[in-house]
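> Take this structure first; my questions come after.
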Amino acid sequence: MRLLIKGGRVVDPASGRDALGDVFVADGRIAQPVGTPDRTLDARGLVVAPGFIDLAARLREPGYEYKATLESEMEAAVAGGVTSLACPPDTDPPLDEPGLVDMLRRRAKALSRARVYPVGALTVKLAGKQLTEMAELTESGCVAFSQANVALADTQVLWRALQYAATFGFPVWLRAEDAWLARGGVAHDGEVATRLGLAGIPAFAETIALAQLLELVRATGARVHVCRISSAAGVAMLRRAKHDGLPLTCDVGIHHLHLSEMDLGYFDSHCRLEPPLRSRRDREALAAALADGTIDCAVSDHTPVDEDQKLLPFGEAEPGATGLELLLPLALKWGMEMKLTLAQTLARITSGPARILGVASGRIEPGAPGDLVLFDPDAAWRATSAALKSQGKNTPFLGMELAGRVRATVVDGHVVHEA
Amino acid sequence: MPRNPQLNGNGELQHLLSIEGLPREILVKILDAAESFVGVTERDIKKVPLLRGKSVFNLFFEGSTRTRTTFEIAAKRLSADVINLNVAASSTAKGESLLDTVANLSAMQADIFVVRHGSSGAPFLVARHVKPHEHVINAGDGRHAHPTQGLLDLYTIRHYKKEFGGLVVAIVGDVLHSRVARSLIHGLTTLGVPEVRVIGPQTLIPAGASALGVRVFHSMREGLKDADVVVMLRLQNERMSGALLPSAQEFNKHYGLSLEKLALARPDAIVMHPGPMNRGVEIDSSVADGPHSVILPQVTFGISVRMAVMSMVAGGG
Numbered sequence: 000m001r002l003l004i005k006g007g008r009v010v011d012p013a014s015g016r017d018a019l020g021d022v023f024v025a026d027g028r029i030a031q032p033v034g035t036p037d038r039t040l041d042a043r044g045l046v047v048a049p050g051f052i053d054l055a056a057r058l059r060e061p062g063y064e065y066k067a068t069l070e071s072e073m074e075a076a077v078a079g080g081v082t083s084l085a086c087p088p089d090t091d092p093p094l095d096e097p098g099l100v101d102m103l104r105r106r107a108k109a110l111s112r113a114r115v116y117p118v119g120a121l122t123v124k125l126a127g128k129q130l131t132e133m134a135e136l137t138e139s140g141c142v143a144f145s146q147a148n149v150a151l152a153d154t155q156v157l158w159r160a161l162q163y164a165a166t167f168g169f170p171v172w173l174r175a176e177d178a179w180l181a182r183g184g185v186a187h188d189g190e191v192a193t194r195l196g197l198a199g200i201p202a203f204a205e206t207i208a209l210a211q212l213l214e215l216v217r218a219t220g221a222r223v224h225v226c227r228i229s230s231a232a233g234v235a236m237l238r239r240a241k242h243d244g245l246p247l248t249c250d251v252g253i254h255h256l257h258l259s260e261m262d263l264g265y266f267d268s269h270c271r272l273e274p275p276l277r278s279r280r281d282r283e284a285l286a287a288a289l290a291d292g293t294i295d296c297a298v299s300d301h302t303p304v305d306e307d308q309k310l311l312p313f314g315e316a317e318p319g320a321t322g323l324e325l326l327l328p329l330a331l332k333w334g335m336e337m338k339l340t341l342a343q344t345l346a347r348i349t350s351g352p353a354r355i356l357g358v359a360s361g362r363i364e365p366g367a368p369g370d371l372v373l374f375d376p377d378a379a380w381r382a383t384s385a386a387l388k389s390q391g392k393n394t395p396f397l398g399m400e401l402a403g404r405v406r407a408t409v410v411d412g413h414v415v416h417e418a
Numbered sequence: 000m001p002r003n004p005q006l007n008g009n010g011e012l013q014h015l016l017s018i019e020g021l022p023r024e025i026l027v028k029i030l031d032a033a034e035s036f037v038g039v040t041e042r043d044i045k046k047v048p049l050l051r052g053k054s055v056f057n058l059f060f061e062g063s064t065r066t067r068t069t070f071e072i073a074a075k076r077l078s079a080d081v082i083n084l085n086v087a088a089s090s091t092a093k094g095e096s097l098l099d100t101v102a103n104l105s106a107m108q109a110d111i112f113v114v115r116h117g118s119s120g121a122p123f124l125v126a127r128h129v130k131p132h133e134h135v136i137n138a139g140d141g142r143h144a145h146p147t148q149g150l151l152d153l154y155t156i157r158h159y160k161k162e163f164g165g166l167v168v169a170i171v172g173d174v175l176h177s178r179v180a181r182s183l184i185h186g187l188t189t190l191g192v193p194e195v196r197v198i199g200p201q202t203l204i205p206a207g208a209s210a211l212g213v214r215v216f217h218s219m220r221e222g223l224k225d226a227d228v229v230v231m232l233r234l235q236n237e238r239m240s241g242a243l244l245p246s247a248q249e250f251n252k253h254y255g256l257s258l259e260k261l262a263l264a265r266p267d268a269i270v271m272h273p274g275p276m277n278r279g280v281e282i283d284s285s286v287a288d289g290p291h292s293v294i295l296p297q298v299t300f301g302i303s304v305r306m307a308v309m310s311m312v313a314g315g316g
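Protein sequence lines correspond, in order, to chains A and B. Under numbering that gives the first Met the number 0, residues 0 to 418 are what the first sequence spells out, in order. Under numbering that gives the first Met the number 0, residues 0 to 316 are what the second sequence spells out, in order.
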């Protein structure tokens with residue numbers, strides 16, 4: 000199979016290339032043009048970029064098929080231009096056994112859509128007591144280990160888990176949130192929670208847990224990726240830690256780059272997210288830190304929730320937002336706000352996460368995997384229930400007009416989505 | 000910020016969900032209407048036909064006797080039919096969702112839903128899903144708001160103090176968990192009270208309380224100084240000893256209202272409490288039953304205020 004993508008604006012964040020040209024894909028890899036293509040995509044007027052890499056997308060299988068299925072969410076991924084995604088282990092049962100991981104990978108592969116990289120549970124049932132068989136899980140395809148949104152309250156177990164992971168060089172992806180301080184909270188502990196009478200999660204629930212985590216990284220040398228940082232104070236700590244040479248990486252949820260506690264309005268349950276949307280100052284710090292490299296990449300934190308679970312009072316509503324199909328428009332919006340070039344903007348959802356995942360995709364050069372996206376950065380579309388392929392229609396941007404529409408997605412040299 | 004969901008296209012009161020965001024004119028209009036109903040409640044025949052033929056559904060997802068009863072009396076004095084539903088014990092126990100419960104009752108031709116719910120914001124959710132001719136009155140949601148209580152507190156203050164300008168109002172106790180405090184604070188600041196104080200230990204004052212337009216005091220003695228109005232909040236039993244407070248006794252010593260502490264306020268200060276009181280915890284009996292106390296008149300005014308609110312949302316004026 001030879002594919003020619005012709006006449007597009009080729010943007011490769013890894014090399015900084017941004018020029019009109021053609022991209023040729025042969026046998027699943029980007030190659031120098033040879034012979035006649037089996038298929039040609041006309042990319043005139045479109046941007047051709049490496050397929051997006053999303054380090055946090057919940058596919059809801061196994062266990063939560065009523066919220067979403069692998070079929071629906073893999074369609075959503077490629078409709079959003081996402082060609083590789085890592086899925087957190089908070090399924091039911093959690094991804095804590097090789098058999099489950101194996102089945103998920105095989106089911107995903109059979110659908111021939113995006114590449115799926117499972118993140119294994121760090122502890123059995125995510126319960127924070129017993130380590131999982133990380134070596135076995137790695138063999139079955141886990142790329143890292145995580146607690147998803149379940150905080151590991153016992154610092155002794157956390158210490159041992161990081162020691163054990165460090166022994167074998169397994170990456171550990173963790174959110175920083177103190178379980179006790181976050182207990183019962185549903186919104187950022189600030190002005191809006193006070194006004195609306197919502198139980199708060201203070202920003203220091205993040206910084207206290209982060210301080211613990213940083214000390215444990217110093218002590219164990221574990222390769223830790225900090226997930227969904229949410230506060231200005233947390234960003235400042237990470238900046239210092241990176242400056243001190245700690246081997247850390249970090250991501251931020253795409254919604255947190257644009258929204259703050261103010262967007263809760265009159266109890267909009269679509270804005271019930273984990274971690275909570277914090278103050279405007281926090282939002283600005285996150286947007287700036289992603290631009291200056293303190294934060295390495297943006298993730299969709301895709302969490303399909305069925306409508307009934309959002310049609311509840313704010314504090315009872317299930318947290319999370321659908322995100323796979325909003326990743327591109329929200330990244331573009333952020334890049335405009337920060338006055339970045341398109342290559343700089345796209346780096347946060349291509350080459351940046353590729354480095355963390357340790358994969359060869361996320362760039363356009365001969366030999367790299369043939370994972371590409373063709374999009375129109377200016378095309379406006381409305382984020383309606385009907386427009387979203389994901390089974391989760393839960394987004395704070397529902398009904399709003401966004402710019403940036405994916406026209407075609409290529410995985411392993413095959414066109415898997417066209418619009 | 001989306002449009003205020005309580006007002007209709009003409010800026011009139013469609014629902015009463017929160018005092019926050021209501022313009023001064025509407026608050027004054029409610030208080031004035033309540034005043035006119037005080038006369039009705041003092042007559043031999045305590046009924047006016049303003050809501051004749053209308054149905055008021057008291058929908059209490061959280062237990063309450065006092066508030067439910069005052070709504071019931073208010074509705075009956077307006078000649079409405081009242082249906083009391085103790086939902087906490089029925090539908091929700093069977094797993095029915097809040098909106099399903101409301102949809103079912105709506106099918107029985109309701110005009111007003113009086114909603115109390117343990118979760119902040121629940122009445123907003125209900126208001127977003129009712130039919131255009133149906134009205135929602137918040138009878139207390141989580142820690143968020145209790146607007147009719149706030150209005151009756153405002154009514155009581157206006158009754159005894161005549162004007163809001165120049166007043167010092169001190170709200171004392173568990174502000175963190177208090178929907179009464181939140182509603183009253185918004186009402187007082189909207190009506191131009193120059194100094195609203197909240198008094199309590201750090202554990203019971205919410206984060207960023209000053210953003211509500213109040214001065215925060217941790218010393219009761221400093222906070223009560225020269226106050227015209229002292230509002231004591233109820234301290235829930237389950238919060239009296241634990242991580243928030245060591246004991247009811249210690250709370251009483253520092254933040255309970257005694258005659259001796261009350262002497263720091265102005266000589267003509269009034270003392271209010273939303274009830275039910277914990278005597279000997281947040282308020283001593285000598286104060287609760289003393290000459291400064293207006294706690295029982297508050298209850299009486301509460302009926303007129305609720306009549307005013309119901310007639311304004313559903314009575315076409």
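Heads up, the beta-carbon is just placed ideally off N, CA and C, and yes, glycines get one too.
1) Just curious, the beta strand (DSSP E) that Pro-422/A is in, first and last residue?
2) Answer yes if the stretch 115-130 of chain B comes into contact with the stretch 162-173 of chain A, meaning at least three C-beta pairs across the two stretches below 8 Å, and no otherwise.
3) Strictly below 7 Å CB to CB, what residues from chain B border Glu-190/A?
4) Against chain A, with Cβ distances strictly below 8 Å, would Gly-141/B count as a contact?
5) From the DSSP output, read off the bridge partner residues of Lys-75/B.
6) Going along chain A in order, which residues have a C-beta closer than 7 Å to the C-beta of Gly-120/B?
7) CB Ile-282/B to CB Ser-182/B, shorter than 8 Å?
8) Closest to Asp-305/A by CA distance: which of Gly-292/A, Ala-181/A, Trp-158/A and Thr-394/A is it?
9) Can you name the residues of chain B whose CB is closer than 8 Å to the CB of Asp-307/A?
10) What do you get for Ala-262/B, buried or exposed, if any count of 16 or more other CB atoms within 10 angstroms of its CB means buried?
11) Output needed in chain order: residues of the stretch 174-201 of chain B with a Cβ under 8 Å from some Cβ in chain A.
12) Under 8 Å between beta-carbons, which chain A residues line up against Ala-144/B? List them in chain order, please.
13) Ignoring anything shorter than 3 residues, give me the beta strand (DSSP E) runs that lie fully in the stretch 96-161 of chain A, in order along the chain.
14) Among all the DSSP beta bridges, which residues are the ones paired with Pro-368/A?
15) Return the CA-CA distance between Glu-237/B and Gly-98/A, expressed in angstroms with no decimal places.
16) Less than 8 Å between the C-beta atoms of Val-225/A and Ala-175/A, yes or no?
17) Mind checking if Gly-199/A is an interface residue toward chain D, Cβ cutoff 8 Å exclusive?
18) Cutting at 8 Å between CB atoms, please list the residues of its own chain near Arg-222/A, excluding the five before and the five after it.
19) Along the chain, where does the beta strand (DSSP E) containing Gly-252/A start, and where does it finish?
20) Between the C-alpha atoms of Asp-153/A and Ile-253/A, what's the straight-line distance to the nearest angstrom?
21) Nearest-angstrom Cα distance between Tyr-116/A and His-301/A?
22) Go ahead and pull the three-state DSSP assignment for Ser-284/B.
23) Taking the alpha helix (DSSP H) that Ile-355/A falls in, what are its first and last residues?
24) Which word fits His-255/A, buried or exposed, when buried means at least 16 other C-beta atoms lie within 10 angstroms of its C-beta?
25) Grab the span of the alpha helix (DSSP H) containing Met-236/A for me, first residue to last.
26) Tell me the rounded alpha-carbon separation between Met-0/B and Arg-157/B.
27) Quick check on His-116/B - is its C-beta less than 8 Å from some C-beta in chain A?
28) Within the 8 Å Cβ cut-off, does Glu-221/B reach chain A?
29) Using the three-state DSSP reduction, which class does Gly-301/B fall into: helix, strand or coil?
30) Going straight from the alpha carbon of Arg-239/A to that of Ser-259/A, what length do you get?
31) Apart from the five residues on each side of it in sequence, which residues of its chain come closer than 7 Å, Cβ to Cβ, to Ser-284/B?
32) Based on the DSSP output, what are the partners of Thr-39/A in its beta bridges?
33) Which first and last residues belong to the beta strand (DSSP E) in which Ala-210/B is found?
34) Note the first and the last residue of the continuous beta strand (DSSP E) segment covering Ser-118/B.
35) Are the stretch 382-400 of chain A and the stretch 287-297 of chain A touching by the rule of at least three beta carbon pairs closer than 8 Å?
36) Check the Cβ of Glu-19/B against every Cβ in chain A and list those closer than 8 Å, keeping chain order.
To lay it out plainly:
1) The requested residue 422/A does not occur in the structure, where chain A is confined to residues 0 to 418.
2) no
3) Gly-207 and Ala-210
4) yes
5) BP columns for Lys-75/B are empty, so no partner.
6) Leu-195, Phe-266, Pro-312 and Phe-313
7) no
8) Thr-394/A
9) Ser-96
10) exposed
11) Arg-178 and Arg-181
12) Gly-196
13) 114-120 and 143-145
14) Arg-28/A
15) 46 Å
16) yes
17) Given the protein chain composition of this structure (A and B), no chain D is represented.
18) Ala-164, Ala-165, Gly-168, Phe-169, Pro-170, Val-171 and Pro-246
19) 247-252
20) 29 Å
21) 15 Å
22) helix
23) 350-356
24) buried
25) 231-242
26) Residue confidence is low: Met-0/B scores 48 on pLDDT, short of 50, so the model does not pin down where it sits. No coordinate-derived value is stated.
27) yes
28) no
29) helix
30) 24 Å
31) Arg-278
32) Leu-3/A
33) Where Ala-210/B is concerned, there is no enclosing beta strand (DSSP E), given that its DSSP letter is neither H nor E.
34) It is not in any beta strand (DSSP E) - Ser-118/B carries neither H nor E in the DSSP assignment.
35) no
36) Arg-194
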